[in-house]
Amino acid sequence: MRRPGGWWRRKSTPAKVETYTRWSYHFFGLIEIATVVLATVGTAGPAASAVFLPAACAHAALSMLTASRALDWLRGRRGRPVPLMWALGALSAAVAAGALALTATGPRGSDIAGTGVSMAGTVLIFGTGALALGMRERRKVGALVAGFGLGTGCVAVLLGMPAAAAFFTALWILVGAALLAFTSMFSAWLLNSVFELDEARETRARLAVAEERLRFGRDLHDVIGRNLAVMALKSELAVQLARRERPEAVEQMIEVQRIAQESQREVRDVVRGYREADLEAELAGARGVLAAAGIDCELTGRPAGLPPRVQSALGWVVREATTNVLRHGDATWCAVTVRTVEGRVVLTVENDGAGGGSGAGGGDGGDRPAGGDGTVRAPLSGGSGLAGLRERLAAVGGRLEAGRVGEDRFRLTAEVPLTTDGPVGEAAS
């Protein structure tokens with residue numbers, strides 16, 4: 001079973017910001033209803049409360065719906081909710097005008113005047129906040145705020161409210177609507193910025209992969225391009241000599257054969273160098289990639305002086321662990337430790353944000369039996385990444401452990417003896 005709150009930990013950072021923004025506007029609707037309840041209970045009387053409360057609930061519900069659809073429009077999931085925005089604007093103006101009219105026609109000596117003004121200001125301020133989410137142009141937002149503020153003052157004067165009271169009422173609504181409109185525009189900007197930053201990080205990662213492919217392509221071109229050109233020339237020469245029945249054609253073909261064999265050997269060297277990982281380079285690359293993804297990376301220990309096969313085996317572990325930290329969970333920090341214990345090199349990669357899924361190890365994320373130290377062991381055959389690492393480490397006498405530690409941490413531990421046998425690069429591909 002999934003633990004309570006696991007749905008939140010499984011969300012990406014942009015999704016968390018969107019969820020927080022969406023529920024903030026739902027909470028604004030509840031605040032609007034609570035404000036009207038506090039203003040009407042015990043002051044407006046039963047008849048006025050029977051009018052104010054349903055109107056406030058209907059306005060709050062329409063505001064929440066409009067804000068939710070506006071957020072979907074900001075993320076490109078649906079069109080701009082123009083009909084809902086017009087309906088919310090009309091309802092806000094109608095409820096505010098009705099509250100002010102009820103204030104002007106209410107019984108003298110009661111508190112209904114203050115209640116009506118509070119009701120009008122509440123619906124106009126919260127309505128402006130929801131409407132501002134559906135507007136990109138600052139001029140339109142400014143016109144909306146000014147229209148509600150000045151319109152309230154004019155309606156109040158026409159209904160017989162004193163000029164000073166009408167002025168301060170309009171000023172209060174103007175300031176409150178402006179503040180909530182600014183909050184809405186800032187929330188929309190922040191939400192879009194978070195998603196754009198996340199897309200930029202993904203683009204940076206893809207560019208890094210493309211750059212590595214280009215580097216490998218350049219290496220292959222430099223190695224075999226010249227040899228292929230020489231082979232083509234010598235083959236053409238051998239054809240011409242063979243047509244003339246000259247014995248030198250055999251020598252030229254022998255030379256072509258020698259160059260082909262040399263090219264095969266050079267290509268194998270390039271591929272071997274590409275497939276064999278250097279631990280120090282992999283650690284530096286992991287730190288850079290994780291930092292680009294906004295994850296703090298702590299490196300402890302130095303791989304200098306380790307045998308090449310040990311570095312190659314552990315370098316592959318760092319590659320796979322870094323990839324899984326980026327792909328699984330929602331990590332904010334990652335710690336990599338390299339140490340030597342009793343003739344064995346131990347590499348530990350630990351990260352947070354594992355939640356219901358997996359972090360560095362990338363297992364299936366289900367419930368697993370816990371070890372004596374509280375670590376939940378991940379089956380090494382659960383994913384192709386871990387299975388490949390197990391084969392590589394087994395080829396050099398090493399072993400791999402991966403599992404959750406606590407609620408949201410994931411730990412991957414690889415051990416390799418200092419004396420290894422067998423080529424690591426060919427252990428598993």
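Numbered per the UniProt record's numbering, the sequence shown spans residues 1 to 429. Just so it is clear, CB atoms sit at the ideal spot from N, CA and C, and this is done for glycine as well.
{"Item": "Meets three-Cβ-pair contact criterion under 8 Å: the region 15-23 and the region 115-125", "Value": "no"}
{"Item": "Supposed close pair L65, L84 - CB separation, criterion 8 Å", "Value": "6 Å"}
{"Item": "Own chain residues within Cβ distance below 6 Å of M253, not counting five before or after", "Value": "A238"}
{"Item": "C334 - partner residues in DSSP beta bridges", "Value": "C297 and N351"}
{"Item": "Supposed contact pair V336 and A205 - C-beta distance, whole angstroms, cut 8 Å", "Value": "Contact flag wrong, Cβ pair sits at about 18 Å."}
{"Item": "Environment of G366 [buried if 16+ CB atoms lie within 10 Å]", "Value": "Note on G366: pLDDT 38, under 50, position unreliable in the model; the coordinate value appears next. So G366 counts as exposed."}
{"Item": "Short Cβ contact (8 Å threshold) for A286 with V318", "Value": "yes"}
{"Item": "Collapsed DSSP secondary structure at R302 in the structure displayed", "Value": "coil"}
{"Item": "Top-ranked residue by Cα proximity to R139, from G151, L100, F182 and T169", "Value": "F182"}
{"Item": "In DSSP terms, what E415 is bridged to", "Value": "V346 and R399"}
{"Item": "Spatial distance of V416 from G398 (CA atoms)", "Value": "4 Å"}
{"Item": "Assumed close pair L279, G315 - CB separation to whole angstroms, cut-off 8 Å", "Value": "5 Å"}
{"Item": "Reduced DSSP secondary structure (H/G/I, E/B, other) of R10", "Value": "coil"}
{"Item": "Cβ contact check for the region 126-139 and the region 160-167: 3 or more pairs under 8 Å", "Value": "no"}
{"Item": "3 or more residues per run - each beta strand (DSSP E) lying fully within the region 204-277", "Value": "none"}
{"Item": "For G361, the three-state DSSP class (helix, strand or coil)", "Value": "With a pLDDT of 44 at G361, under the threshold of 50, the modelled position of that residue is not reliable, and the figure given next carries that caveat. G361: coil per DSSP, three-state reduction."}
{"Item": "Straight-line Cα distance separating R80 from L62", "Value": "15 Å"}
{"Item": "Residues near A99 by beta carbon distance below 6 Å, same chain, minus five either side", "Value": "G116, M119 and A120"}
{"Item": "Close beta carbons around G374, own chain, < 8 Å, minus the five adjacent residues each side", "Value": "Legend: pLDDT at G374 = 41, less than 50; position of this residue unreliable, value from coordinates given subsequently. So the qualifying residues of the chain are V405 and G406."}
{"Item": "Closest residue to L393 among T419, W8 and F167 (Cα-Cα distance)", "Value": "T419"}
{"Item": "Residue closest to T300, alpha-carbon to alpha-carbon, out of V325, E320 and V346", "Value": "V346"}
{"Item": "Spatial distance of R332 from G353 (CA atoms)", "Value": "The identity of residue 332 in the sequence shown is Thr, whereas the question assumes Arg. When rounded, the distance between both Cα atoms is 7 Å."}
{"Item": "Whether A177 touches G149 by CB criterion (8 Å)", "Value": "yes"}
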